[in-house]
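Worksheet: the structure to be examined is printed underneath.
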Amino acid sequence: MPTPKPTPSERSVTRTYRAAIRLGEDFITLEETITLPLEASDEDVQRAVDLGWRIYAAQREAVAQQIAGAREGHGHATPITVRDPDAPASDKQRNYIAALQDDLSWTNDQLGSYAGEQSVDLVTMTKGQASSFIDSLKKVAEERPRYSAEHSRARAVAESSPATGQPASEKQLQALARIAQTRAINLDAETSQRFGVSSESLTDDQARALLSEWQARPRPQRMVQS
-8 MPTPKPTPSE RSVTRTYRAA IRLGEDFITL EETITLPLEA SDEDVQRAVD
42 LGWRIYAAQR EAVAQQIAGA REGHGHATPI TVRDPDAPAS DKQRNYIAAL
92 QDDLSWTNDQ LGSYAGEQSV DLVTMTKGQA SSFIDSLKKV AEERPRYSAE
142 HSRARAVAES SPATGQPASE KQLQALARIA QTRAINLDAE TSQRFGVSSE
192 SLTDDQARAL LSEWQARPRP QRMVQS
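The opening residue of the sequence shown carries number -8 in my numbering; numbering runs sequentially from there.
Okay, structure coming up:
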């Protein structure tokens, strides 16, 4: 038997609204569906929307209470505690410290010096002190590769480029002296006029600049008298 067609008064429109809402550290998803007849007035639509918001407010309050109750019931994670913290450090702790010392490639003097900085006596330390000392050594071991890499890069850069103000090398000074002699130039007078210093006080940058200029300048030809 065929399904009868809905009459105009039975026809309706359905709209669904979905929203993901953050509530504290949690997320909830709300879905609201409203169905109204085709002949619904603006007032009917507003009443439906108002009802939806009241439902949403009630849902949100209920969810907030449920989340709060779940968190209280679960409690907070308890920190790891050391049993008998005032007892002498165990052999296991001392072996762990020795292993970390090997990882760091530290000598006994280096380890003792670091322990002194941490106010730890390696001979008489307690379990509690050993536990804290192990944590600090692990942190040093974790940071050491990053520090070593950065230090190596900085050193490589410093070695690859001469420092500003570095004195001119003996080789540079000898090259300047040879050029000055072949061109009958008073080297000290030239450097004093150009840089305000004698040739012996030239910096690496100043010597490089002067050498580049003189080497690029063609050598003057001697006049031969007939």
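Don't be surprised by glycine CBs; every beta carbon is placed ideally from N, CA and C.
Please name the residue in the options whose C-alpha comes closest to that of residue i.
i	options	result
Pro158	Ser32, Ala106, Thr115 and Val188	Val188
Val111	Gln101, Phe124 and Asp100	Phe124
Asp41	Asn99, Val4 and Glu23	Glu23
Ala121	Gly43, Pro28, Gln56 and Ala89	Ala89
What's the C-alpha gap between residue i and residue j?
i	j	result
Gln84	Val73	12 Å
Val131	Tyr87	14 Å
Glu30	Ala53	35 Å
Glu134	Tyr105	15 Å
Arg45	Val36	14 Å
Glu34	Arg2	18 Å
Gln206	Asp93	56 Å
Gln103	Leu113	According to the sequence displayed, residue 103 carries Gly and not Gln. Looking at the two C-alpha atoms, the distance is approximately 7 Å.
Ala180	Thr173	16 Å
Ile176	Lys162	18 Å
Glu108	Asn99	14 Å
Arg185	Leu193	11 Å
Ser32	Ala55	35 Å
Asp126	Leu95	14 Å
Ile58	Gly43	22 Å
Thr7	Pro28	15 Å
Gln63	Arg51	Strictly speaking, residue 63 in this sequence is Glu, with Gln absent from that position. Rounded to whole angstroms, Glu63 to Arg51 spans 18 Å at the Cα level.
Trp97	Ala171	55 Å
Ser101	Gly60	Inspection of the sequence shows that residue 101 is occupied by Gln rather than by Ser. One C-alpha to the other measures close to 52 Å.
Glu204	Thr182	13 Å
So, residue i versus residue j, is the Cβ gap smaller than 8 Å?
i	j	result
Leu202	Ser190	no
Lys118	Asp75	yes
Ala39	Ile25	yes
Ala78	Met116	no
Asp230	Ser160	Lying before the first or after the last residue shown, residue 230 is absent from the chain, which here runs from -8 to 217.
Leu167	Leu128	no
Ala198	Leu164	yes
So if DSSP puts residue i in a beta bridge, which residue, or which two residues, is it bridged to?
i	result
Val4	Leu27
Glu204	Answer is none; Glu204 lacks a bridge partner.
Glu117	In the sequence as displayed, the identity of residue 117 is Thr instead of Glu. According to DSSP, which records beta bridges pairwise, Thr117 is partnered with Pro79.
Thr173	DSSP, once it has assigned bridges, lists no residue as partnering Thr173.
Thr194	Pro158
Relative to the ligand FAD, is the shortest distance from any of its heavy atoms to the C-beta of residue i smaller than 7 Å?
i	result
Ala61	Here there are no bound small molecules, and the ligand FAD is not part of this structure.
Does residue i get closer than 8 Å to chain E when you measure Cβ to Cβ?
i	result
Asp93	Among the chains of the structure shown, chain E does not appear; only one protein chain is present.
Any chance you could list the beta strand (DSSP E) runs of at least 3 consecutive residues sitting entirely within the stretch 40 to 111, in chain order?
none
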